[in-house]
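Chains as they are written, first to last, in my numbering: chain B, 1 to 200; chain S, 201 to 458. The C-beta atom is built at its ideal place from N, Cα and C for all residues, glycine as well. Remember, predicted model here, so these are calculated numbers, not experimental data.
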Amino acid sequence: MRFSRARGVNQATLILSGVVIGYIFSAGLIFLQYITSNEKLRDIVVWLMGGMWGASWNAVLLLIPLTLIPFFLLEGMAWDLNVLSAGDDVAKNLGINVNRLRFSGLMISTFAASCCLAFTGIIGFIGLMGPHICRMIIGNDHRYLIPCAGLMGAAILLVSDTVARTILSPVEIPVGAIMYVIGGIFFLFLIMRARGRGLY
Amino acid sequence: MELVLENVSKAYGPQVALDNVSITVHPGEIVALVGPNGSGKSTLIKAIALIHEPTGGTIAIDNRDVRSIDPVDLAMLLGYVPQGFSYTLYSTVFETVLMGRRRYIRWSVSDEELSRVQRALDALEIGSLAAKFMDELSGGERQKVFIARALAQEPRIFLFDEPTSALDIRYQIEVMETMRRITREQNSSMIVAVHDLNLAYRYADAVVVLNRGKMVGYGKPFEVLTPDCIRSVYGVDSFAVENEYGKFIVPFRARQKG
């Protein structure tokens with residue numbers, strides 16, 4: 001986000017920065033895996049694969065407030081987020097504190113996502129696919145886009161988890177692996193479509 | 201509302217983009233900003249809207265410093281139309297213009313707001329495009345949508361950063377005629393950066409000539425935008441003509457550098 005605010009930064013720089021930051025954090029993970037005991041190591045590896053093994057009603061009860069509160073906070077920002085899509089300058093002219101909106105939006109959504117991931121491990125691409133698909137279907141009004149993206153994400157996870165449980169039954173493969181395949185293909189589709197529209 | 205700029209300056213680090221500009225804009229007035237690329241026209245407009253806050257001087261609306269006005273209230277006074285294009289693929293024309301009403305919307309959109317948006321679209325004759333997506337429009341139509349958004353905002357002072365640069369000549373004249381009518385009707389004022397000196401001649405009540413951040417001319421268009429002034433600022437030879445349609449300036453030759 002710090003980078004997205006800097007002036008004159010293009011998309012390639014942004015993506016590269018993301019990759020580099022990813023490497024820095026994976027260094028931390030490698031360090032943890034190296035110093036930890038054998039039993040814990042298995043836990044870490046399973047968490048990194050991502051799956052629904054941790055799903056229990058207790059986890060759900062804990063997650064309800066941890067996701068509902070951020071959800072309502074984000075819904076409260078819906079109109080300002082709509083205006084932000086008009087560009088920073090126009091948003092400022094319309095009386096929006098652009099930096100504060102970006103910072104708080106990012107913090108709140110990161111908090112909600114981290115809470116969920118703590119129980120499931122890393123399941124990638126849902127946060128990319130859910131909002132994108134919904135934007136194509138219902139448009140850019142965040143009042144409806146935020147709840148729809150959440151529901152779409154849940155639906156995607158449900159389908160992938162079902163596939164993960166059944167495809168090699170009785171062996172259950174990590175849902176994270178399925179998501180990387182589906183998400184990767186979806187990402188390529190987005191890039192191709194953007195190319196077709198001449199956006200890059 | 202009267203807008204008074206006193207010694208407004210803006211520096212990006214050591215680079216001075218705007219140097220001691222002082223102007224007064226009266227209600228109902230159209231003020232044109234002219235000058236070569238990089239002369240500080242956009243910087244001045246963004247400084248007034250506090251998009252990029254000035255580093256020196258004061259900007260006051262009816263004797264109130266704009267920095268002391270709540271950003272939400274300021275949004276109802278100043279309507280900004282950007283030079284660059286920024287929009288989302290999945291927004292319709294109507295939704296884009298509706299953003300201009302942000303300050304009046306809490307959660308759901310009332311019929312009153314919808315009709316105001318429709319009126320803004322109709323003023324620019326783009327009502328038929330309302331349901332189209334932004335990426336289906338031509339560059340000129342898109343620019344009109346952004347102007348409509350500022351109209352929907354119903355500000356007291358319009359700040360236009362080259363609003364007509366992407367428009368063909370018919371659109372240019374239409375937009376300027378519309379803006380002149382609206383500013384006269386509502387007694388609102390408009391500061392507009394233009395490249396076409398004849399637009400400044402025809403529609404502006406006052407002209408501010410900027411060159412490398414400095415104000416080198418300020419006054420009535422005919423008095424300020426003389427062939428001498430244009431030669432020194434742009435390095436272009438020109439002549440003025442007058443006929444039954446009015447007074448025009450015709451640039452015809454770039455002078456050799458050095």
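Cβ of residue i within 9 Å of any chain S Cβ
{"i": "Asp43 of chain B", "result": "no"}
{"i": "Ser85 of chain B", "result": "yes"}
{"i": "Asp80 of chain B", "result": "yes"}
{"i": "Arg165 of chain B", "result": "no"}
Neighbour flag for residue i against chain B, beta carbons, 9 Å
{"i": "Lys246 of chain S", "result": "yes"}
{"i": "Leu278 of chain S", "result": "yes"}
{"i": "Leu218 of chain S", "result": "no"}
{"i": "Thr243 of chain S", "result": "no"}
{"i": "Ser299 of chain S", "result": "Note on residue identity: the sequence assigns Met, not Ser, to residue 299 of chain S. Answer yes: the Cβ-Cβ gap between Met299 of chain S and chain B drops below 9 Å somewhere."}
{"i": "Ala393 of chain S", "result": "no"}
{"i": "Ala275 of chain S", "result": "yes"}
{"i": "Pro282 of chain S", "result": "yes"}
Whether residue i touches residue j by CB criterion (9 Å)
{"i": "Val266 of chain S", "j": "Ala260 of chain S", "result": "yes"}
{"i": "Phe360 of chain S", "j": "Ala393 of chain S", "result": "yes"}
{"i": "Gly257 of chain S", "j": "Val297 of chain S", "result": "no"}
{"i": "Ala400 of chain S", "j": "Tyr418 of chain S", "result": "no"}
{"i": "Gly238 of chain S", "j": "Leu351 of chain S", "result": "no"}
{"i": "His395 of chain S", "j": "Ser365 of chain S", "result": "yes"}
{"i": "Val424 of chain S", "j": "Ser438 of chain S", "result": "no"}
{"i": "Arg384 of chain S", "j": "Gly228 of chain S", "result": "yes"}
{"i": "Pro355 of chain S", "j": "Leu233 of chain S", "result": "no"}
{"i": "Ser389 of chain S", "j": "Val231 of chain S", "result": "yes"}
{"i": "Ile123 of chain B", "j": "Gly54 of chain B", "result": "no"}
{"i": "His132 of chain B", "j": "Phe186 of chain B", "result": "yes"}
{"i": "Asp270 of chain S", "j": "Gly130 of chain B", "result": "no"}
{"i": "Leu81 of chain B", "j": "Leu68 of chain B", "result": "no"}
{"i": "Phe294 of chain S", "j": "Leu321 of chain S", "result": "yes"}
{"i": "Gly51 of chain B", "j": "Thr120 of chain B", "result": "yes"}
{"i": "Met299 of chain S", "j": "Arg342 of chain S", "result": "no"}
{"i": "Asn411 of chain S", "j": "Pro236 of chain S", "result": "yes"}
{"i": "Lys414 of chain S", "j": "Gly213 of chain S", "result": "no"}
{"i": "Cys116 of chain B", "j": "Leu63 of chain B", "result": "yes"}
{"i": "Gly139 of chain B", "j": "Ser291 of chain S", "result": "yes"}
{"i": "Ala118 of chain B", "j": "Gly127 of chain B", "result": "no"}
{"i": "Ile223 of chain S", "j": "Val416 of chain S", "result": "no"}
{"i": "Glu253 of chain S", "j": "His226 of chain S", "result": "no"}
Partners in chain S for residue i, counting only beta-carbon separations shorter than 9 Å
{"i": "Asn38 of chain B", "result": "Near Asn38 of chain B there are no residues of chain S at all, since even the closest Cβ is about 50 Å away, more than 9 Å."}
Chain-ordered chain B contacts of residue i [CB-CB under 8 Å]
{"i": "Tyr290 of chain S", "result": "Arg135, Met136, Gly139 and Asn140"}
{"i": "Leu205 of chain S", "result": "Residues of chain B passing the Cβ test: none, with the nearest at roughly 17 Å."}
Per-residue contacts from residue i into chain B (C-beta, under 7 Å)
{"i": "Pro214 of chain S", "result": "Within 7 Å Cβ-Cβ: nothing; Pro214 of chain S doesn't reach chain B, min ~16 Å."}
{"i": "Thr272 of chain S", "result": "This sequence places Val at residue 272 of chain S; Thr is not what is there. What Val272 of chain S touches in chain B: Gly95."}
Amino acids of chain B, ordered along the chain, whose beta-carbon sits closer than 9 Å to that of residue i
{"i": "Arg303 of chain S", "result": "Leu94 and Gly95"}
{"i": "Val295 of chain S", "result": "Reading off the sequence, residue 295 of chain S comes out as Glu, not Val. Under the 9 Å cutoff, chain B gives Asn82, Gly139, Asn140 and Asp141."}
Contact set between the segment 249-262 of chain S and chain B, restricted to residues whose Cβ is under 8 Å from the partner: Ala249, Leu250 and Ile251
Residues within the segment 85-103 of chain B neighbouring chain S, beta-carbon criterion of under 9 Å: Ser85, Ala86, Gly87, Asp88, Asp89, Val90, Ala91, Lys92, Asn93, Leu94, Gly95, Ile96 and Asn97
Segments of 3+ residues assigned as beta strand (DSSP E) that fall wholly inside the segment 307-372 of chain S: 357-361
Every unbroken alpha helix (DSSP H) inside the segment 23-62 of chain B [4 residues or more]: 38-49
Chain-ordered residues of the segment 339-370 of chain S with a beta carbon less than 7 Å from chain B: none
4-residue-minimum alpha helix (DSSP H) runs that sit fully inside the segment 219-255 of chain S, ordered along the chain: 241-248
Alpha helix (DSSP H) segments (min. 4 residues) lying fully within the segment 388-453 of chain S: 397-403, 421-424 and 427-434
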